[in-house]
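To start, the structure itself, in structure tokens.
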Amino acid sequence: MTRLKESDICTINNTLENYNLELVMKTGHTLSEIAAHAVGLSPHKEGKVLNSHVVGVIPMTSGLGVIGGFSETVAEILSFLGMKAFVTQQTDVKGVAEALDRNAEILFMADDDRFIGLHLKSGYYSDNCEATGKGYTAALDFMVEGLEEKKVLIIGAGSVGCAAAFSVLQLGGSVHIYDKNLKVCEALAAEVYQGQGIRIIVEEDLHTALKSHRLIIDACPAGGFIKEEHLTTESYIAAPGVPLGIEDEAIAYLQPRLVHDPLQLGVATMLFDILANTD
Ligand code: 2YJ
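Whatever position you read off the sequence shown (first residue = 1), add 8 for this note's numbering.
The structure is reproduced here in structure tokens:
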């Protein structure tokens, strides 16, 4: 899993409004609407669950430690979505206690392996990888006016890619998946077949797969492997992977049909996942 760097997230705070407008231009929907759709709420119903909650974001020092601006950026995204969000002064367990003392109803916290949002009263929690997979699938669904009966190439069969695969299936699309580790693709295909009786296609050659798909979810941490030769005016890419998997020369060409950010859509979907599953 990619560890975000300060440079990946340092501009988010000042660009949330612009990013929201960019999403509206590309998908027809706001950040809130995409996140709501990701968790199964119909478009424009997001206001129904969007009551302002007190959310504490707690910096975690374990492992590789605090990422400069990470907690602050998560809190900014949550505030942008209407929450009363704050970052605790204290870190780790002291930070949890501080958040409780300050009447937080929801906690957000991340170490090197997991990033969760926890609703204290119900015990319900949302995982960032799962939410990110759902959020980007919802963005792609809006970009192409529905994934039903459309085939989607998912690159990367980690937690984000697998969550995206289940979401694509739920929206009626068919899944083609590529991962340099063939075994993880085969494990996902077996799980889907056992659970749903649906066959997903495991792609064995990345170049061939890229050439033959127009709808792509790039959920892998490799940069720059999608080239202009793989793209047409019909290409749409939802790219949660950091760094972006598209080479610099191809980004301008694809820009109107590309959704990519390091944190916003994942955090927004975590929040809506919590709001949709708790009172
Ligand atoms: O509290 C802090 O500042 C740090 N402990 C944050 C660590 C953030 N975690 C990561 O970057 C993980 N690799 C997970 C990121 C998930 C983004 N999709």
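Virtual Cβ for every residue (Gly too), placed ideally from N, Cα, C.
Which whole-angstrom value describes the C-beta separation of residue i and residue j, a residue pair presumed to lie in contact below a C-beta threshold of 8 Å?
{"i": "residue 143", "j": "residue 227", "result": "The Cβ separation is near 11 Å, so there is no contact."}
{"i": "residue 96", "j": "residue 17", "result": "Contact flag wrong, Cβ pair sits at about 18 Å."}
{"i": "residue 132", "j": "residue 282", "result": "6 Å"}
{"i": "residue 175", "j": "residue 159", "result": "Not confirmed; about 14 Å, so no contact."}
{"i": "residue 267", "j": "residue 24", "result": "Actually they do not touch by this definition, with Cβ atoms about 15 Å apart."}
{"i": "residue 184", "j": "residue 221", "result": "6 Å"}
{"i": "residue 204", "j": "residue 177", "result": "7 Å"}
Excluding five sequence neighbours on each side, which residues of the same chain lie with their C-beta closer than 8 Å to the C-beta of residue i?
{"i": "residue 167", "result": "9, 135, 137, 138 and 141"}
{"i": "residue 91", "result": "60, 61, 62, 63, 114 and 279"}
{"i": "residue 284", "result": "44, 47, 48, 49 and 57"}
{"i": "residue 105", "result": "98"}
Tell me residue i's beta-bridge partners as DSSP assigns them.
{"i": "residue 88", "result": "According to DSSP, residue 88 bridges with nothing at all."}
{"i": "residue 118", "result": "123"}
{"i": "residue 45", "result": "According to DSSP, which records beta bridges pairwise, residue 45 is partnered with nothing at all."}
{"i": "residue 64", "result": "94 and 115"}
{"i": "residue 238", "result": "None; residue 238 has no bridge partner."}
{"i": "residue 244", "result": "223"}
{"i": "residue 159", "result": "182"}
{"i": "residue 267", "result": "246"}
{"i": "residue 254", "result": "234"}
Between the C-alpha atoms of residue i and residue j, what's the straight-line distance to the nearest angstrom?
{"i": "residue 36", "j": "residue 102", "result": "42 Å"}
{"i": "residue 98", "j": "residue 88", "result": "23 Å"}
{"i": "residue 234", "j": "residue 274", "result": "22 Å"}
{"i": "residue 272", "j": "residue 85", "result": "6 Å"}
{"i": "residue 72", "j": "residue 116", "result": "18 Å"}
{"i": "residue 217", "j": "residue 242", "result": "15 Å"}
{"i": "residue 162", "j": "residue 244", "result": "12 Å"}
{"i": "residue 209", "j": "residue 156", "result": "16 Å"}
{"i": "residue 74", "j": "residue 112", "result": "21 Å"}
{"i": "residue 148", "j": "residue 199", "result": "24 Å"}
{"i": "residue 193", "j": "residue 214", "result": "13 Å"}
{"i": "residue 197", "j": "residue 21", "result": "39 Å"}
{"i": "residue 93", "j": "residue 276", "result": "13 Å"}
{"i": "residue 263", "j": "residue 109", "result": "45 Å"}
{"i": "residue 249", "j": "residue 100", "result": "27 Å"}
{"i": "residue 130", "j": "residue 286", "result": "7 Å"}
{"i": "residue 253", "j": "residue 195", "result": "24 Å"}
{"i": "residue 211", "j": "residue 229", "result": "18 Å"}
{"i": "residue 172", "j": "residue 124", "result": "18 Å"}
According to DSSP, is residue i part of a helix, a strand, or is it coil?
{"i": "residue 226", "result": "strand"}
{"i": "residue 152", "result": "coil"}
{"i": "residue 262", "result": "helix"}
{"i": "residue 27", "result": "helix"}
{"i": "residue 58", "result": "coil"}
{"i": "residue 213", "result": "coil"}
{"i": "residue 34", "result": "helix"}
{"i": "residue 132", "result": "coil"}
{"i": "residue 206", "result": "coil"}
{"i": "residue 17", "result": "helix"}
{"i": "residue 282", "result": "helix"}
{"i": "residue 188", "result": "coil"}
With a CB to CB cut of under 6 Å and the five nearest residues on each side skipped, what residues in its chain are close to residue i?
{"i": "residue 79", "result": "65, 67 and 95"}
{"i": "residue 54", "result": "40, 41 and 44"}
{"i": "residue 246", "result": "144, 147, 148, 225 and 267"}
Short of 7 Å in beta carbon distance, which residues of its chain neighbour residue i, apart from the five on each side in sequence? Order them along the chain.
{"i": "residue 11", "result": "72 and 120"}
{"i": "residue 83", "result": "65, 93, 94 and 95"}
{"i": "residue 258", "result": "234, 235, 236 and 239"}
{"i": "residue 76", "result": "14"}
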